[in-house]
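Peer 1: Quick one: this structure, given as structure tokens, is what I'll be asking you about.
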Amino acid sequence: MRFGQGKCSAMRIQLFGPPRTLKGQSVALREARLASATIASGCNCGDSKTLSPPQHLNFTNSTTSANPFAVLNLKPSQALEVLHRDDDLIVIVKPPGYHVHQPEDARHRVTREIVVLTLLRRQIEQKLFPIHRLDVATEGVLAMALNSSTAGRLQKEFQEGRVRKVYHAVVRGWVDDEGEFNFPLERDSNQSLAEAITRFRCLGRSECAFAIGKRFPTARFSLVEVEPLTGRWHQIRRHFARSNHPIVGDREHGDSHHNKYFRHQLGLDGLWLKASSLELDGKKFVAPPNARWEKMSQELGLPFIPDLRETVVSV
């Protein structure tokens with residue numbers, strides 16, 4: 006069933022001029038609430054609730070910080086959460102805004118306080134061998150080998166597609182109940198096309214009965230569970246963006262209007278993409294739920310990602 010094309014009466018919202026002082030703008034943004042939203046959970050649009058509309062929707066004079074600690078309330082040098090550790094492997098939860106390792110281009114080097122490889126090496130006092138990557142803005146399960154032989158073996162498993170990875174994301178619009186993106190994407194290295202396959206299923210949908218962008222009278226969002234079957238650069242982000250359902254908070258491939266709405270009206274910053282689980286070596290490693298995603302769930306009325314208490318499960 007195709008969603009997103011149903012008729013909905015638009016609600017006209019008068020936009021008042023923004024306060025002139027920074028303090029006044031800050032107060033106005035805090036007071037703004039999700040306006041007249043019809044919310045549907047579990048892909049069932051029968052139940053809804055209405056919230057009062059905001060008085061200000063000021064997206065023009067906003068500023069954002071380049072400091073990931075300020076944006077996401079992260080504390081430099083905080084201990085990384087360890088899900089599993091044995092003689093060969095360590096699995097952690099990577100916070101959003103952290104680099105797995107230093108950028109290859111020396112001109113783009115960042116402080117070591119937001120480099121996982123540096124922080125974790127300092128934390129466990131042991132040499133580390135990266136076996137896969139997560140984008141800087143993506144949070145979730147990240148594994149590293151503790152010796153070269155394990156690194157070589159697991160890197161081969163990733164390359165051969167024998168590692169199962171599951172993500173969760175909030176995207177613009179209402180997606181199908183389930184589906185698959187199967188079209189090639191450009192390689193980051195030389196722009197040649199490579200096979201790329203991404204499967205997804207919808208976990209919930211919500212609708213705000215007012216326009217955020219310029220194309221539609223209402224704004225719709227979906228919570229999706231995603232499984233990439235190949236491993237291309239920004240694969241999940243590019244597949245959804247090129248299918249007109251960009252991930253919210255994606256500043257490179259996404260919708261700036263929806264990104265700003267989440268950031269300034271709802272106080273939900275960052276990329277809404279989470280590496281929720283990773284299956285390798287006969288174990289399933291699961292990122293525990295966190296306050297950031299719980300707040301999003303409450304604000305939009307979308308389902309909360311399942312609360313899996315066991316972070317390491319035999320498969």
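Start counting the sequence shown at 6; every next residue gets the next number (my numbering). Heads up, the beta-carbon is just placed ideally off N, CA and C, and yes, glycines get one too.
With DSSP as the reference, label S227 as helix, strand or coil.
Peer 2: S227 falls in the strand class under three-state DSSP.
Peer 1: Which two residues bound the contiguous alpha helix (DSSP H) that contains K161?
Peer 2: Note, K161: alpha helix (DSSP H), 153 to 164.
Peer 1: From this set, H258, G166, R158, which residue's C-alpha is nearest V176's C-alpha?
Peer 2: H258
Peer 1: What does the alpha-carbon distance come out to for the pair R247 and H239?
Peer 2: 12 Å
Peer 1: Less than 8 Å separating the beta-carbons of V180 and V146?
Peer 2: no
Peer 1: Using the beta-carbon count (16 or more within 10 Å), is K279 buried or exposed?
Peer 2: buried
Peer 1: Below 6 Å CB to CB, which residues in the same chain sit around Y103 once its five sequence neighbours on both sides are set aside?
Peer 2: I119, V121
Peer 1: Let me check one thing: in DSSP terms, what residues is L94 bridge-paired to?
Peer 2: A150
Peer 1: Just list the residues that DSSP pairs Y172 with in beta bridges.
Peer 2: Among the bridge pairs identified by DSSP, Y172 is matched with V231, A280.
Peer 1: Does the stretch 272 to 291 come within contact of the stretch 130 to 147, defined as at least 3 CB pairs closer than 8 Å?
Peer 2: yes
Peer 1: Using a 10 Å radius around the Cβ and a threshold of 16 neighbouring Cβ atoms, would you call R268 buried or exposed?
Peer 2: buried
Peer 1: Could you say which of R117, H137, A156, G184 lies nearest to H250 if we only look at CA atoms?
Peer 2: G184
Peer 1: Specify the secondary structure class of S46 as computed by DSSP and reduced to three states.
Peer 2: With a pLDDT of only 39 at S46, under the threshold of 50, the placement of this residue in the model should not be trusted; the figure read from the coordinates follows. Strand at S46.
Peer 1: Tell me whether the beta-carbon of K300 lies closer than 8 Å to the beta-carbon of L276.
Peer 2: no
Peer 1: Give the single residue among R169, D255, K289 whose Cα lies nearest to the Cα of I95.
Peer 2: Taking each of R169, D255, K289 in turn and checking the Cα distance to I95, the smallest one comes out for K289.
Peer 1: What three-state label does DSSP hand L34 in the structure shown?
Peer 2: At L34, the pLDDT of 38 sits below 50, so the modelled position is not reliable; the number obtained from the coordinates is stated separately. Three-state DSSP puts L34 in a helix.
Peer 1: Please list the terminal residues of the continuous alpha helix (DSSP H) segment that includes K265.
Peer 2: 261 to 265
Peer 1: Excluding the 5 residues preceding and the 5 following I330 in the sequence, name in chain order all residues of the same chain whose CB lies nearer than 7 Å to its CB.
Peer 2: Residue 330 is absent from the structure shown; the chain starts at 6 and stops at 320.
Peer 1: Give a yes or no on whether the C-beta atoms belonging to R237 and L285 are separated by under 8 Å.
Peer 2: Taking 8 Å as the cut-off, the Cβ atoms of R237 and L285 do not count as close.
Peer 1: Report yes if the CB atom of L139 is closer than 8 Å to the CB atom of F226, and no otherwise.
Peer 2: Cβ distance not < 8 Å, so L139 and F226 don't count as in contact.
Peer 1: State the DSSP-derived secondary structure class of K300, mapped to helix, strand or coil.
Peer 2: Helix, per DSSP.
Peer 1: Whose C-alpha, out of E200, D193, L307, F205, is nearest the C-alpha of D182?
Peer 2: Nearest of E200, D193, L307, F205 to D182, Cα basis: F205.
Peer 1: Starting from R242, follow the beta strand (DSSP E) in both directions and report where the run begins and ends.
Peer 2: It is not in any beta strand (DSSP E) - R242 instead sits in the alpha helix (DSSP H) that spans 240 to 246.
Peer 1: Decide if H113 is buried, meaning its Cβ has at least 16 other Cβ atoms within 10 Å, or exposed.
Peer 2: exposed
Peer 1: Taking T203 as part of the beta strand (DSSP E), name the residues at either end of that continuous run.
Peer 2: Where T203 is concerned, the enclosing beta strand (DSSP E) stretches over 202 to 213.
Peer 1: Per DSSP, which one or two residues make a beta bridge with P108?
Peer 2: P108 pairs with nothing; no bridge assigned.
Peer 1: E130 and V171 look like a contact to me (Cβ under 8 Å); what is the Cβ gap, rounded to whole Å?
Peer 2: The pair is not a contact, with the Cβ atoms about 31 Å apart (cut-off 8 Å).
Peer 1: Go ahead and label E165 buried or exposed: buried means 16 or more other beta carbons lie within 10 angstroms of its beta carbon, across all protein chains shown.
Peer 2: exposed
Peer 1: Which same chain residues end up closer than 6 Å to Q303 when comparing Cβ atoms and leaving out the 5 residues on each side of it in sequence?
Peer 2: none
Peer 1: Any idea if E212 is buried or exposed, counting beta-carbon neighbours within 10 angstroms, 16 or more meaning buried?
Peer 2: buried
Peer 1: On a Cα-Cα basis, can you pick out the residue from R210, G178, L234 that is closest to E199?
Peer 2: As written in the sequence, residue 199 is Ala, which differs from the Glu given in the question. Residue L234 is the option with its Cα nearest to A199.
Peer 1: Output the boundary residues of the beta strand (DSSP E) element that contains V291.
Peer 2: 288 to 291
Peer 1: Using a 10 Å radius around the Cβ and a threshold of 16 neighbouring Cβ atoms, would you call D260 buried or exposed?
Peer 2: buried
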